[in-house]
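J.: To start, I am sharing the structure in question, which I have written as structure tokens.
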Amino acid sequence: MARMLHSIAGHCFICKVGVGPHFSGQVTQPFRQFLLLAAKLAPTLFRPYRVAVTRLDPYTLRPRFPILHQKINGRPLVYFDNAATTQKPLAVLDASRNYYETINSNIHRGVHRLSQAATAAHEAARTTIARHLNATRDEEIIFTGGTTDSINLVASALGRSSRFKEGDEIIVSGLEHHSNTVPWQMLCERLGLTLKVIPVLDNGKLDLAAYQNLLSERTRLVAVNHVSNAFGTVNEVVHICARARAVGALTLVDGAQSIPHFKIDVQLLGCDFYAFSGHKVYGPTGVGILFGRYDLLCELPPWRGGGEMIKEVSFEKTTYNDPPFKYEAGTPNIEGGIALAAAIDFVNELGLDRVAAHEDALIRRAADLLGELDGITLYGPSERTGALSFNFEGIHHYDLGTLLDQMGFALRTGHHCCQPLMARFGMTGTLRASFAAYNTLEEVENLATALKKALMMLR
Amino acid sequence: MTINEKQQELLDELNLFQDWTERYEYVIGLGKKLRPMDESLHTPDRLIKGCQSQVWLDAGVQDGKMTYLADSDSVITKGMIALFVRVLDGERPDDVLSADLSFIDQTGLKEHLAPTRANALTLMAAQMKKGALEASQARS
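Protein chains in written order, with the working numbering: chain R, 1 to 459; chain F, 1 to 140.
So, in structure tokens, the structure goes:
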């Protein structure tokens, strides 16, 4: 469907992100200078990375992220809070701006040219995301407000279906973000279900033997994250989903922390639902995705009512649209969806294998260097993705975070929306460094030095 | 020395430091010099709510003057509350109640704090005044 629209539109917006003819004569002077600079830099910045399997060079990447070039308290910004949100490349910023400058219009219902172009771009974005996740069809991709929104959609739709009855069980893990715990708790309260939790081992991994024992014919749903935002643990979701399926349970994978680091294939994961947020993968905030198996999306009832999600409305009886529109009531975040597709194109241009290799080098170096510091505890397994969490004996993570901020380092302190996990390890929070493609080994080394300085001040 | 004079003295001291590290070290040092607060006083009613780190404040009256004990699991937070203790400890409850504590805005510390922490300073000041109000009402 979307592919067809894409070709009809002919001058697809997605295809001309960057310097397009529509800018001529109407651009402001600073923006013109920016365009000239972009054109000059284009051959070096936008060279095809896919040609050879080379290492990702963050230094060639950084000019594409305008926000990174600033000073905090007189020192260069070192952004290590990528698990909270990533920074946006020019390709994404341009996609947002181009949308509003060229085709802004409401989608799916206009006969006029702009509406058709906006619809085509939005549906092309859906196709980009469907391909990226290896969904079987575009209709399995629902635009939402983010991971939390996606999970609430599933919880709400499942709650209204006939799939749960009192006494049934939902399994989550001890590594979950509150957003993959609280919606299920609320559902359990409402329907009289029981929430079971896969315990976390001391090494920050899930106790899969215990998981096996939790599963029964009463298990109706298993909801786990792919990668832990707090510890960087990569969960064995293929195994977890297969075991759940074996007892007839549905599966939801919270992919908020895996989408920026891995190539995701929902067929390989074997999950029924996969949720992620655009802003964690270099895209904008306020837009996210729910992948849902098509037959399930057809079967389950809608959640929010409104425009777009209906087939026909009368005061006697309203019939609902087919997926994905059935779950997209109201005007969606059109620009957000389009910019998210630009972000997906961006990571594919870099090559997620190369991104993963680069980030792995960063996190290993960080674990090695920080591991040498006196009194440190590194949490999670030695194989981590994205995030490195740590504490120093006798020192409040908040104090360290404050002093690091003075030195230009953006790290997260606190419970990372994982209070049960923090309680499991007997702490109120940690300091967390989380990495993205644009971070450098030099920044990691500077963090170790800055930590030494902060520790001297605090001890 | 009046409350205002004590505030000015503190500002003068902080202004001696050009470098943020020295300023922070000085504040942390003030926290370390606070009168020790026994752990048995770390009770929920003494906990200042709304701070990311835990801060306990005990307000009492001795010979008609306020006495403050404070503690925190964060040394920076403890230093911040030490600024208030230094200014308000030993003052009459009515003087504490009428004190203008805006000196904290001039320390240059607040702008370096996360909003949650800047907010915590307001909460600390409010809690200290609340102690003075209770003391003042108990007396009358």
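C-beta atoms are modelled at their ideal positions from N, C-alpha and C, and glycine is treated no differently.
For a contact defined as C-beta to C-beta under 7 Å, what are the partners of residue 104 (chain F) on chain R?
T.: Along the second sequence, read from residue 1 onward, the residue named residue 104 (chain F) stands at position 104. Simply none; closest approach about 16 Å.
J.: Pick out whichever of F:40, F:32, F:108 has its Cα sitting closest to the Cα of residue 78 (chain F).
T.: The residue given as residue 78 (chain F) occupies position 78 in the second sequence. Among F:40, F:32, F:108, the Cα nearest to that of residue 78 (chain F) belongs to F:32.
J.: Under 9 Å between beta-carbons, which chain R residues line up against residue 28 (chain F)? List them in chain order, please.
T.: The sequence position of residue 28 (chain F) within the second sequence is 28, counting from 1. In chain order: 399, 457, 458.
J.: Measuring straight from C-alpha to C-alpha, what distance separates residue 73 (chain F) and residue 80 (chain F)?
T.: Sequence index remark: in the second sequence, residue 73 (chain F) carries index 73 (1-based). Sequence index remark: in the second sequence, residue 80 (chain F) carries index 80 (1-based). Each residue's Cα considered, the two are about 12 Å apart.
J.: What residues from the segment 11-36 of chain F come within 8 Å of chain R, judged by C-beta to C-beta, listed N to C?
T.: Residues 20, 21, 24, 25, 28.
J.: Are the beta-carbon atoms of residue 122 (chain R) and residue 337 (chain R) separated by less than 9 Å?
T.: Residue mapping note: residue 122 (chain R) aligns to position 122 of the first sequence, counting from 1. Residue mapping note: residue 337 (chain R) aligns to position 337 of the first sequence, counting from 1. For residue 122 (chain R) and residue 337 (chain R), yes; Cβs fall inside 9 Å.
J.: Hey, residue 412 (chain R) and residue 432 (chain R): beta-carbon distance below 9 Å or not?
T.: Taking the first sequence and counting its residues from 1, one reaches residue 412 (chain R) at position 412. Taking the first sequence and counting its residues from 1, one reaches residue 432 (chain R) at position 432. A contact, by the Cβ cut-off of 9 Å.
J.: For residue 310 (chain R), list the residues DSSP reports as bridge partners.
T.: Here residue 310 (chain R) is taken as the residue at index 310 of the first sequence, counted from 1. Residue 310 (chain R) is bridged to R:320.
J.: Relative to the C-alpha of residue 289 (chain R), which residue among R:267, R:253, R:312, R:268 is closest?
T.: Counting from one through the first sequence, the residue named residue 289 (chain R) turns up at place 289. Of the candidates R:267, R:253, R:312, R:268, the one whose C-alpha sits nearest the C-alpha of residue 289 (chain R) is R:253.
J.: Quick one: is residue 357 (chain R) buried, meaning 16 or more other Cβ sit within 10 Å of its Cβ, or exposed?
T.: What you label residue 357 (chain R) is simply residue 357 of the first sequence in a count that begins at 1. The residue in question, residue 357 (chain R), is exposed, as its Cβ has fewer than 16 Cβ neighbours within 10 Å.
J.: For residue 414 (chain R), decide whether its Cβ has a neighbour in chain F, counting only Cβ atoms nearer than 9 Å.
T.: Taking the first sequence and counting its residues from 1, one reaches residue 414 (chain R) at position 414. Chain F contact via Cβ: present.
J.: With a cut-off of 9 Å, does the C-beta of residue 132 (chain R) fall near any C-beta of chain F?
T.: Walking along the first sequence from the start, residue 132 (chain R) turns up at place 132. By this cut-off, residue 132 (chain R) is not an interface position.
J.: Name the chain R residues that come within less than 7 Å of residue 53 (chain F), Cβ to Cβ?
T.: Counting from 1 along the second sequence, the entry for residue 53 (chain F) is found at position 53. Those within 7 Å of residue 53 (chain F) in chain R are 396, 398.
J.: Are the segment 189-197 of chain R and the segment 232-242 of chain R in contact at 8 Å, needing three or more beta carbon pairs?
T.: No: the two stretches stay apart, fewer than three of their Cβ pairs being nearer than 8 Å.
J.: For the segment 289-302 of chain R and the segment 88-103 of chain R, state whether three or more C-beta atom pairs, one from each stretch, are separated by less than 8 Å.
T.: With the cut-off at 8 Å, the segment 289-302 of chain R and the segment 88-103 of chain R do not touch.
J.: Pull up the CB-CB distance for residue 435 (chain R) and residue 82 (chain R), whole angstroms please, since I reckon it's below 8 Å.
T.: On the first sequence, residue 435 (chain R) is found 435 positions in, with the first residue counted as 1. On the first sequence, residue 82 (chain R) is found 82 positions in, with the first residue counted as 1. Rounded, the Cβ-Cβ distance is 6 Å, consistent with contact.
J.: Nearest to residue 5 (chain F) by alpha carbon, out of F:92, F:87, F:96?
T.: Within the second sequence, the letter at position 5 stands for residue 5 (chain F). The candidate whose alpha carbon is nearest that of residue 5 (chain F) is F:87.
J.: Tell me, please, which residues DSSP counts as bridged to residue 216 (chain R).
T.: Residue numbering aside, residue 216 (chain R) sits at position 216 when the first sequence is read from its first letter. In DSSP, residue 216 (chain R) forms no bridge with anything.
J.: Identify the residues that DSSP records as bridge partners of residue 221 (chain R): which are they?
T.: Walking along the first sequence from the start, residue 221 (chain R) turns up at place 221. DSSP lists R:170, R:250 as partners of residue 221 (chain R).
J.: Among F:101, F:106, F:89, F:125, which one has its Cα closest to the Cα of residue 63 (chain F)?
T.: The count along the second sequence starts at 1 and reaches residue 63 (chain F) at position 63. Taking only the C-alpha atoms, the option nearest residue 63 (chain F) is F:89.
J.: Just to confirm, does residue 408 (chain R) get its C-beta within under 8 Å of one of the non-hydrogen atoms of the ligand MG?
T.: This structure lacks the ligand MG, and indeed carries no ligand of any kind.
J.: Can you check whether the CB of residue 123 (chain F) is closer than 9 Å to the CB of residue 93 (chain F)?
T.: On the second sequence, residue 93 (chain F) is found 93 positions in, with the first residue counted as 1. On the second sequence, residue 123 (chain F) is found 123 positions in, with the first residue counted as 1. Contact: no.
J.: Pull up the CB-CB distance for residue 41 (chain F) and residue 108 (chain F), whole angstroms please, since I reckon it's below 8 Å.
T.: Within the second sequence, residue 41 (chain F) is the residue found at index 41, counting from 1. Within the second sequence, residue 108 (chain F) is the residue found at index 108, counting from 1. In fact, because the Cβ distance is near 31 Å, the residues do not count as touching under 8 Å.
J.: For the beta strand (DSSP E) that residue 391 (chain R) lies in, which residues bound it at each end?
T.: Start at 1 with the first residue of the first sequence, and residue 391 (chain R) comes out as number 391. Looking at the DSSP string, the run of the beta strand (DSSP E) that includes residue 391 (chain R) is 387-392.
J.: Taking all protein chains shown into account, decide if residue 308 (chain R) is buried (16 or more other Cβ within 10 angstroms of its Cβ) or exposed.
T.: Numbered from 1 along the first sequence, position 308 holds the residue referred to as residue 308 (chain R). Label assigned to residue 308 (chain R): buried.
J.: So what does residue 378 (chain R) bridge to, in DSSP terms?
T.: Translated into the one-based positions of the first sequence, residue 378 (chain R) becomes position 378. Bridge partners of residue 378 (chain R): R:390.
J.: May I have a chain-ordered list of the alpha helix (DSSP H) segments no shorter than 4 residues that lie completely inside the segment 1-35 of chain F?
T.: Listed in chain order, they are 3-15, 20-32.
J.: When you compare each of R:306, R:343, R:266 to residue 325 (chain R) by their alpha carbons, which one comes out closest?
T.: Along the first sequence, read from residue 1 onward, the residue named residue 325 (chain R) stands at position 325. Ranking R:306, R:343, R:266 by Cα distance to residue 325 (chain R) puts R:306 first.
J.: In whole angstroms, what is the alpha-carbon distance linking residue 136 (chain R) and residue 304 (chain R)?
T.: Here residue 136 (chain R) refers to the residue found at position 136 when the first sequence is read from its first residue. Here residue 304 (chain R) refers to the residue found at position 304 when the first sequence is read from its first residue. Using only the alpha carbons, I get a separation of about 25 Å.
J.: Can you look up residue 460 (chain R) in the DSSP assignment and give me helix, strand or coil?
T.: With chain R running from 1 to 459 in the structure shown, residue 460 (chain R) is simply not present.
J.: Could you list the residues in the segment 70-89 of chain F with a C-beta less than 7 Å from some C-beta on chain B, going in chain order?
T.: In the structure shown, chain B does not exist; the protein chains are R and F.
J.: Taking DSSP as the reference, what is the three-state secondary structure of residue 154 (chain R)?
T.: Within the first sequence, numbered from 1, the residue matching residue 154 (chain R) stands at position 154. Helix.
J.: Roughly how many angstroms separate the alpha carbons of residue 65 (chain F) and residue 98 (chain F), rounded to a whole number?
T.: Working through the second sequence from its first residue, we reach residue 65 (chain F) at position 65. Working through the second sequence from its first residue, we reach residue 98 (chain F) at position 98. Between residue 65 (chain F) and residue 98 (chain F), the C-alpha separation is close to 14 Å.
J.: 9 Å is my cut-off, CB to CB: does residue 70 (chain R) come that close to chain F?
T.: Position 70 of the first sequence, counted from the first residue, corresponds to residue 70 (chain R). No, its Cβ sits nowhere closer than 9 Å to a Cβ of chain F.
J.: How many Å lie between residue 323 (chain R) and residue 294 (chain R) at the Cα?
T.: Position 323 of the first sequence, counted from the first residue, corresponds to residue 323 (chain R). Position 294 of the first sequence, counted from the first residue, corresponds to residue 294 (chain R). Looking at the two C-alpha atoms, the distance is approximately 8 Å.
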